[in-house]
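One structure below.
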Amino acid sequence: MSAHYEVKLRPLRAADLPRVVRLEQELFGSSAWTYGMLAEELGALGRWYVAAEPVRLYAAGPQELIGYAGLWFDGDVTQIMTIGVDPQYQHLGIGSVLLTALIDRSRQIGASAVLLEVRVDNDAALAMYGKFGFEQLGIRKRYYQPEDVDAYTMRLELTDDSATDDAPAAEIRDAAVPDEPGVA
Ligand SMILES: CC(C)(COP(=O)(O)OP(=O)(O)OC[C@H]1O[C@@H](n2cnc3c(N)ncnc32)[C@H](O)[C@@H]1OP(=O)(O)O)[C@@H](O)C(=O)NCCC(=O)NCCS
Numbered sequence: 008m009s010a011h012y013e014v015k016l017r018p019l020r021a022a023d024l025p026r027v028v029r030l031e032q033e034l035f036g037s038s039a040w041t042y043g044m045l046a047e048e049l050g051a052l053g054r055w056y057v058a059a060e061p062v063r064l065y066a067a068g069p070q071e072l073i074g075y076a077g078l079w080f081d082g083d084v085t086q087i088m089t090i091g092v093d094p095q096y097q098h099l100g101i102g103s104v105l106l107t108a109l110i111d112r113s114r115q116i117g118a119s120a121v122l123l124e125v126r127v128d129n130d131a132a133l134a135m136y137g138k139f140g141f142e143q144l145g146i147r148k149r150y151y152q153p154e155d156v157d158a159y160t161m162r163l164e165l166t167d168d169s170a171t172d173d174a175p176a177a178e179i180r181d182a183a184v185p186d187e188p189g190v191a
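Position in the sequence shown counted from 1, then plus 7, gives you my numbering.
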């Protein structure tokens, strides 16, 4: 499978945060991260955040981002901190492009595994992580507040080089996201 919508990945920047705050509210409702939380995340140690911009050949200037994702590397494993796609552009392969970038980055920096938490009722995300080979580890009771919803913990081992071989091939430009100061 290839992405049905072409995107370009680039580092997420502080200037993107107002847009990300709007998307967070749309995607995560009452558990959305605030501007302050996002700003702290971007500047925190070991973090790596990417933005997905649409590729529109005749558009002038930078495009409004339609997806974002980030991880935290603690020196051993990476933890997916967030991943979100504008509802108008979901199920077009953009989430897979972002997740592929996070997994590739995890490999590059020598992580042994990728971990994440996901709401037990988040069918789309669960299906996506399953396609990429993530396995369910356990359950964190009432992890999401104030909604009071449980989370599954999931893990993708990176020691096996074939782990992402079955992952969707994403149509993507500028897939190598350059480092920027402050980005792990
Ligand atoms: C989860 C999310 C990031 C996926 O992004 P996306 O761009 O829609 O994902 P893709 O188009 O790459 O789809 C990858 C796979 O995810 C699953 N999927 C995506 N949307 C789905 C939907 N509406 N229903 C069921 N499965 C879905 C499918 O398995 C899909 O593979 P397929 O295209 O072969 O069917 C997106 O739905 C989203 O932003 N959700 C809200 C935020 C969120 O829940 N983030 C995850 C927090 S853990």
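Glycine residues also receive a C-beta, built at the ideal position from the N, C-alpha and C atoms.
Remember, it's a predicted structure, so these values are computed and weren't measured experimentally.
Query raised in the report: Do you know how far the Cα of ARG63 is from the Cα of MET222?
Result: Residue 222 falls outside the range modelled here, since the chain spans only 8 to 191, and no answer is possible.
Requested in this report: Pull up the distance between the alpha-carbon of VAL14 and that of THR107, whole angstroms please.
Outcome: Distance between VAL14 and THR107, taken at the CA atoms: about 13 Å.
Query raised in the report: Can you check whether the CB of VAL121 is closer than 8 Å to the CB of LEU165?
Result: yes
**Report entry** Inter-residue Cα distance where the pair is HIS11 and ILE146
**Finding:** 33 Å
Query raised in the report: What's the gap between the Cα of PRO25 and the Cα of GLY140?
Result: 33 Å
Query raised in the report: Looking only at C-alpha atoms, which of ALA132, GLN143 and GLU154 sits nearest to THR89?
Result: ALA132
Query raised in the report: Quick one: does the C-beta of GLY91 sit closer than 7 Å to a heavy atom of ligand 1?
Result: Yes, Cβ of GLY91 sits closer than 7 Å to a heavy atom of ligand 1.
Query - Contact belief for LEU105 with GLY137 at Cβ below 8 Å, rounded distance in angstroms - result: In fact, because the Cβ distance is near 16 Å, the residues do not count as touching under 8 Å.
Query raised in the report: GLY77 to VAL156, Cα distance in whole Å?
Result: 22 Å
Requested in this report: Using three-state DSSP, classify TYR42 as helix, strand or coil.
Outcome: helix
Requested in this report: Give me whichever residues DSSP pairs with VAL3 in a beta bridge.
Outcome: Given a span of 8 to 191 for the chain in the structure shown, any question on residue 3 remains unanswerable.
Report task. Just confirm the distance between the C-beta atoms of ALA39 and GLU31, as a whole number of angstroms; I'd bet it's less than 8 Å. Result -> 4 Å
Requested in this report: Report the rounded CA-to-CA distance for ALA134 versus ILE116, giving the unit in angstroms.
Outcome: 26 Å
Query raised in the report: How many Å lie between ASP111 and VAL57 at the Cα?
Result: 12 Å
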